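In this note's numbering, the protein residues as written are 1 to 401.
In what follows, a single structure is set out as structure tokens and then discussed.
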Amino acid sequence: MKRVLYYVMFSLLVFSGVMNAQNQDNFIHGQVTDTDNNPIDGVAVVLQTLDSVYVDAIVTDSLGEFKLNQAADRTYRLLFQHILFEPYFLEVSQAGIGVIRLTSRNYELDGVIVKAERPQVKVENGALKYDVPQLMKDKTVSNAFEVVKQIPGIIGGSDEIQLLGAGSPQIILNGQLTTMSVDQLTTLLKSIPSSRVKNVEVMYNAPAKYNIKGSVINVILDKGAADRTALQGEVGADYLQRHYASGKAHANLLYSTPNLTVDFLVSGDKGRMFEGEEIMARHTLENGVTEVNQFGRGNNRITSGDMRLGLDYTFKNEDKLSAAYSLGGNNVKKNRSAETVFSVPESAASEDQRTSLTTGKDKATLHNVRVQYDGHAGLTAGMDFTKMIIRMMSVDLLNII
């Protein structure tokens, strides 16, 4: 009887193994190589539905292979992202997608020295976590906003951030929400030195704790040494010469102990911007042609500054208290002159000439206060307050001859 029971158990184990192998074969899998068929390690592979809902993510191994924990039961979208290759996506409806070949970005390097193997991106709890010091070691970036722009899968204009396959993401700092707008957060990120950014997390589907629908980019700042008392700082300045000169300066200070972290950063810039145009147009009016010549010149004097003071404290029971105050402001003085002449080409005399002069002054001040308490039992409570003050004044003078 025992022998029969052993045979039955052995048959069940073999059958279970066969079924499990068959199920594994139904999972979406493939290999990523370059155009020379060399395997690419560390490619972030993101699986989405066709309406851009996040499903799963994984990173290719040393052979360039990947296997997602999702069966090919419908048509999905796959996104492939790597810092050295162009982003790529395709729609798949079968488990085996074969070999995906990525096109290299046009980088020119003086030389390559391999010192150690360290992953640039990891998948943790559905988020793509990028190691910024490792990712940016060969790039010239000066602030946190430029770091985010360099993350694979990020596209957009100068002050715009778009996530490939997910549209415009929300941006948060240190995993904490804020009432500041996207433009205000962008200004704050531009004032944070790139050396303070430790990690960037890209989440195509934000966890419920953030109370955000859609994608999220979480910028995590370096908290300094965790096992000892340390004080570190940085000072920098930029000079830009165009039609007029402008300059920027920044400084930051970080004090850290095993339980307390205090960081302070301040930045400011001052400069003058030039704008101008010369326009000529001809319009047919009734039976004649009227020529319009416009000559305009203007300049803006801009002074702006940002400041942030942050505090993080960890209690003995692992509860965490975080507080931050951000102050930003700018002062813009505008001067604009324009001369417009309306004339008839057949006539030597000008029919109409107008001269206008516009002066203005814009002031904006931002205050943001955020306090958050994270309990070790999972309870989170916080407060966020933002106040924006805008003052605008403009004077227009018009002279008609």
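Where is the CB? At the ideal position from N, CA and C, for every residue including glycine.
Quantities reported herein were computed from a predicted structural model and do not represent experimental measurements.
DSSP places D56 within a strand segment (E or B) once states are collapsed to three. Cβ contact annotation for L90 (same chain, cutoff 7 angstroms, sequence separation greater than five): L78, in chain order. Beyond the five residues adjoining it in sequence on each side, D238 comes within less than 6 angstroms, by CB distance, of K248 in the same chain, given in chain order.
Secondary structure note for T314: its beta strand (DSSP E) is the uninterrupted segment G288 to T314. At a Cβ-Cβ threshold of 8 angstroms, P152 and P87 count as neighbours. It is roughly 34 angstroms from the alpha-carbon of V341 to the alpha-carbon of R391. As computed with DSSP, S267 is found in a beta bridge with H250 and D306.
In this structure, L188 lies near D306, with their beta-carbon atoms less than 8 angstroms apart.
A contact between stretches requires three or more CB pairs, one per stretch, nearer than 8 angstroms, and the stretch 141 to 161 fails this requirement with the stretch 297 to 313. Put simply, of G271, V262, T257 and I220 the residue whose alpha carbon is nearest the alpha carbon of A245 is G271. With respect to A71, N26 sits close: the two C-beta atoms are nearer than 8 angstroms.
The C-beta distance from A230 to S256 rounds to 5 angstroms, short enough to meet the 8 angstroms contact threshold. For Q241, the enclosing beta strand (DSSP E) begins and ends at A230 to Q241. DSSP places D183 in the uninterrupted alpha helix (DSSP H) bounded by V182 to K190.
Looking at the DSSP output, G329 bridges to G305 and T365. The Cβ atoms of N259 and E234 lie no closer than 8 angstroms to each other. Looking at the DSSP output, S256 shares a beta bridge with A230 and T261. In this structure the stretch 357 to 375 touches the stretch 318 to 336; the number of beta carbon pairs closer than 8 angstroms is three or more. Look at A324 here: in three-state DSSP terms it is strand. Between V197 and V262 a beta carbon distance of about 18 angstroms is seen, past the 8 angstroms cut, so the two are scored as non-contacting. A straight line joining the alpha-carbon of G382 with that of L173 spans about 14 angstroms. DSSP, reduced to helix, strand and coil, places S343 within a strand of the structure shown. The DSSP-derived three-state label of L84 is coil. Judged by DSSP in its simplified three-state form, R77 adopts strand. When the five nearest sequence neighbours on each side are left out, the beta carbons in the same chain lying within less than 7 angstroms of the beta carbon of V123 are those of A57, I58 and V59, in order along the chain.
Within the model, the alpha-carbon separation for S62 versus Y76 is close to 25 angstroms.
As the crow flies, the alpha-carbon of V92 is around 50 angstroms from that of I389. Counting only residues of its own chain and dropping the five nearest sequence neighbours on each side, P39 has a CB closer than 6 angstroms to the CB of T33, L63 and G64. Taking C-beta separations shorter than 6 angstroms and ignoring five residues to either side along the sequence, the partners of M273 in its chain run N300, following chain order. Contact annotation: H243 and S191 have beta-carbon atoms that are not nearer than 8 angstroms.
Collapsing the DSSP output to three states places L177 in coil.
Residue pairing by DSSP places L163 opposite I154 and G167 in a beta bridge.
Closest by C-alpha distance to L128, out of V45, M280 and K363, is V45. Shown here for F295: same chain residues with a beta carbon closer than 6 angstroms to its own, the five before and five after excluded, namely E278 and E339 in chain order.
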